[in-house]
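Here the structure comes first, spelled out in structure tokens, and everything after it is commentary.
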Amino acid sequence: MSIPHLFRCPISLDIFTDPVTLCTGQTYDRPCIERWLAAGHRTCPVTMQPLGDAVLVPNRTLRHLIERWLSADQQVPEPTAADDDHAEEPSLAALKRCLQSGAGAGANAKVAALKKVATLASESDVGRACMLQLGFLPVLLQLVFHAPAPWDLSEQEELALQCALSLLPSSPTSPQHGCLNMLKTEASLTSLVWLLERGRARVRAGLCRLLETIATAAATRELAIAAAASPRVWRALLPLLHHGDERVSGAAVRAVAAVCCAAEPARGSAVHHGAVPELLKCLSWASAGKGGGAAAAAASSALAALEALAASEAGRRAVAREPGAVRALVRHVFMMSSSNEGSEHAVAALLVVCRESRAARSEAAGAGVVTQVLLLLQSQCGTRAKTKARSLLKLFRSMCSNQARGLG
1 MSIPHLFRCP ISLDIFTDPV TLCTGQTYDR PCIERWLAAG HRTCPVTMQP LGDAVLVPNR
61 TLRHLIERWL SADQQVPEPT AADDDHAEEP SLAALKRCLQ SGAGAGANAK VAALKKVATL
121 ASESDVGRAC MLQLGFLPVL LQLVFHAPAP WDLSEQEELA LQCALSLLPS SPTSPQHGCL
181 NMLKTEASLT SLVWLLERGR ARVRAGLCRL LETIATAAAT RELAIAAAAS PRVWRALLPL
241 LHHGDERVSG AAVRAVAAVC CAAEPARGSA VHHGAVPELL KCLSWASAGK GGGAAAAAAS
301 SALAALEALA ASEAGRRAVA REPGAVRALV RHVFMMSSSN EGSEHAVAAL LVVCRESRAA
361 RSEAAGAGVV TQVLLLLQSQ CGTRAKTKAR SLLKLFRSMC SNQARGLG
């Protein structure tokens, strides 16, 4: 599949998904130029001209031309085509038509089409971008959430879910995430919850990843809040934190962390439905040293979620009142056996909880928080972690000074 030069972003060299133009006249894919600007650059990547105005203007003409080009029957690239009988492969448009065909279409044909989509998405960034531009993502989601779920997904529906996950844009600002809002319907939400509760491990892990994307994407903010407000979602999601399959538990804790970080209403709902004790169980599992790198990653996500929850008044109270919560956070300020990826989150959570609760300060002091913070400051942790650690140390030094004056 030969893509015209003008249809490629000069940064990523992939086909444009959302072309925008700078004041210099150069066009870039929105996710790429937003990352460039977010990194502090104030020049045009191609011309290196200073940007007096960093406004991104949608290039609708170019987008229209790309859509017209894509709507033509572009052939699916097959790396082994030279070894075949040179049989013509189905085009992307033909694959999409097959997936959109009604219930009367053969299930085998749809499964074959989905396998081709999966292969193309895994082997070709260009193919993935083309399918995203051609609107494959909403078609695939429709195949997964088309009706109230049975006990589990069929082969066709599971393949559709994996294909949809492979096409999800990496940038949280991508407008392509908007198609996920189809899950706002009661039928789709019911199907999602049912599958989280009863689906196979791979399906549950995939749906957790979908929830993580919904929580972080700009186009699905309202959906994220609606999902977080649903007791059914929490009842299905929180037990997965302790699932026996690491793929599921790892994906679940990332989803919970993403939802907790999404917005204030989501945090209140998470606290109300018991997220704090469930997240602390994750930390206990990670502290036991089970799961290696997976355990460390799960602990980091759980700590990120607890930090987000502690940012709300209800969350701070829940952490302060939960037996063993403060001690668990202190243990994760510095751990010899880990890379201390979650140290920043543990310190930040302790900082806000201990500022508000005298009992939490006493418990943290008794658990050796000062020693833990000093060890962290001597380690190779990041600048933000050290800044928060110094603030926490200052809080406890102030507490000790006040106690000394009281004794005097």
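Using UniProt numbering, the first residue of the sequence shown is number 1, and each one after it goes up by one. Built from N, CA and C at the ideal position, the CB exists for glycine as well.
For residue 46, the first and last residue of its enclosing beta strand (DSSP E): Segment: none, residue 46 is in no beta strand (DSSP E) and carries neither H nor E.
Reduced DSSP secondary structure (H/G/I, E/B, other) of residue 85: Since pLDDT at residue 85 reaches only 40, below the 50 mark, its modelled position is unreliable, and the value read off the structure follows with that caveat. DSSP places residue 85 in coil when its eight states are reduced to three.
Closest Cα partner of residue 410 within the set 349, 185, 285, 310: Since the first and last residues shown for the chain are 1 and 408, residue 410 lies out of range.
The region 41-48 / the region 176-190 touching (three or more Cβ pairs under 8 Å): No: the two stretches stay apart, fewer than three of their Cβ pairs being nearer than 8 Å.
As assigned by DSSP and simplified to three states, the class of residue 8: strand
The region 217-224 contacting the region 241-255, beta-carbon criterion three pairs below 8 Å: no
Whole runs of the alpha helix (DSSP H) within the region 283-332, excluding any shorter than 4 residues: 293-310, 313-321, 325-331
Given residue 364 as reference, the closest of 382, 319, 262, 381 once Cα atoms are compared: 319
Burial state of residue 6, where buried means 16 or more other Cβ atoms lie within 10 Å: Exposed: under 16 other Cβ atoms inside 10 Å.
Minimum length 4: unbroken alpha helix (DSSP H) runs contained in the region 160-219: 186-198, 201-216
Distance CB(residue 322)-CB(residue 376) smaller than 8 Å: Going by C-beta atoms, residue 322 is not nearer than 8 Å to residue 376.
Residue 27 burial status per 10 Å Cβ neighbour count (16 or more: buried): buried
Residue 101 - DSSP class collapsed to helix/strand/coil: coil
Pairwise C-alpha distance: residue 313 and residue 366: 24 Å
Exposure label - residue 390; buried when at least 16 CB within 10 Å: Classification of residue 390: exposed, given that the 10 Å Cβ count is below 16.
The region 166-176 / the region 117-136 touching (three or more Cβ pairs under 8 Å): yes
Under 8 Å between C-beta atoms of residue 381 and residue 343: yes
Where the beta strand (DSSP E) containing residue 27 begins and where it ends: 27-29
Three-state secondary structure (DSSP) of residue 24: In the three-state reduction of the DSSP assignment, residue 24 falls in the coil class, being assigned neither a helical nor a strand state.
Exposure label - residue 355; buried when at least 16 CB within 10 Å: exposed
Residue 201 beta carbon less than 8 Å from that of residue 245: yes
Run of the alpha helix (DSSP H) containing residue 241, from where it starts to where it stops: Element bounds for residue 241: n/a, residue is neither H nor E.
Buried or exposed (CB count within 10 angstroms, at least 16 for buried), residue 4: Exposed.
Range of the contiguous alpha helix (DSSP H) that encloses residue 39: First-last for residue 39: undefined, no H or E at that position.
Counterpart residues of residue 15 in DSSP-defined beta bridges: 8
N-terminal and C-terminal residue of the alpha helix (DSSP H) that residue 372 is part of: 369-377
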